[in-house]
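Peer 1:
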Amino acid sequence: HMGDLGNIQAGNNGVATINIIDHQLRLCGPLSIMGRAIVIHANRDDLGLGGNEESLKTGNAGARVGCCVIGAAPLQG
Numbered sequence: 001h002m003g004d005l006g007n008i009q010a011g012n013n014g015v016a017t018i019n020i021i022d023h024q025l026r027l028c029g030p031l032s033i034m035g036r037a038i039v040i041h042a043n044r045d046d047l048g049l050g051g052n053e054e055s056l057k058t059g060n061a062g063a064r065v066g067c068c069v070i071g072a073a074p075l076q077g
């Protein structure tokens with residue numbers, strides 16, 4: 001669905017490092033992602049292919065284990 005950035009994999013230490021280039025996301029303007037949330041789920045998203053109602057709603061991605069709000073910090077210097 002719109003805004004889904006796909007599945008990521010964390011290492012054994014629980015750390016996931018990602019680098020995403022997206023030509024549709026914007027940091028300013030009417031479609032800005034500023035103030036929007038990033039939510040990390042416990043499980044892999046099955047992309048609605050799990051064969052049940054929950055799969056169609058959440059991708060069976062499990063509990064929310066982390067979240068943040070996208071924002072900008074003032075420049076230092």
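For reference, each letter of the sequence shown is one residue, going 1 to 77 in full-length UniProt numbering. Just so you know, even glycine gets a beta-carbon here, dropped at the ideal spot from N, CA and C.
1. What is the residue span of the alpha helix (DSSP H) that residue 55 lies within?
2. How long is the line joining the alpha carbons of residue 17 and residue 75, rounded to whole angstroms?
3. Kindly indicate the opening and closing residues of the beta strand (DSSP E) around residue 64.
4. Leaving out five residues on either side along the sequence, give the residues of the same chain with a beta carbon under 8 Å from the beta carbon of residue 37.
5. For residue 61, collect the residues of the same chain with a Cβ closer than 6 Å to its Cβ; drop the 5 residues on either side in sequence, then sort them by chain order.
Peer 2: According to the structure data:
1. Residue numbering aside, residue 55 sits at position 55 when the sequence shown is read from its first letter. Note, residue 55: alpha helix (DSSP H), 53-58.
2. The count along the sequence shown starts at 1 and reaches residue 17 at position 17. The count along the sequence shown starts at 1 and reaches residue 75 at position 75. Residue 17 and residue 75 have their C-alpha atoms roughly 24 Å apart.
3. As a first step, residue 64 is located in the sequence shown; it is residue number 64 there, counting from the start. Residue 64 -> beta strand (DSSP E) spans 64-69.
4. Reading the sequence shown from its first residue, position 37 is the one you call residue 37. Taken in chain order, the residues that qualify are 67, 68, 69, 70.
5. For the purposes of this step, residue 61 is taken as the residue at position 61 of the sequence shown. Once the five neighbours on either side are set aside, the close Cβ partners of residue 61 are 41, 43, 45.
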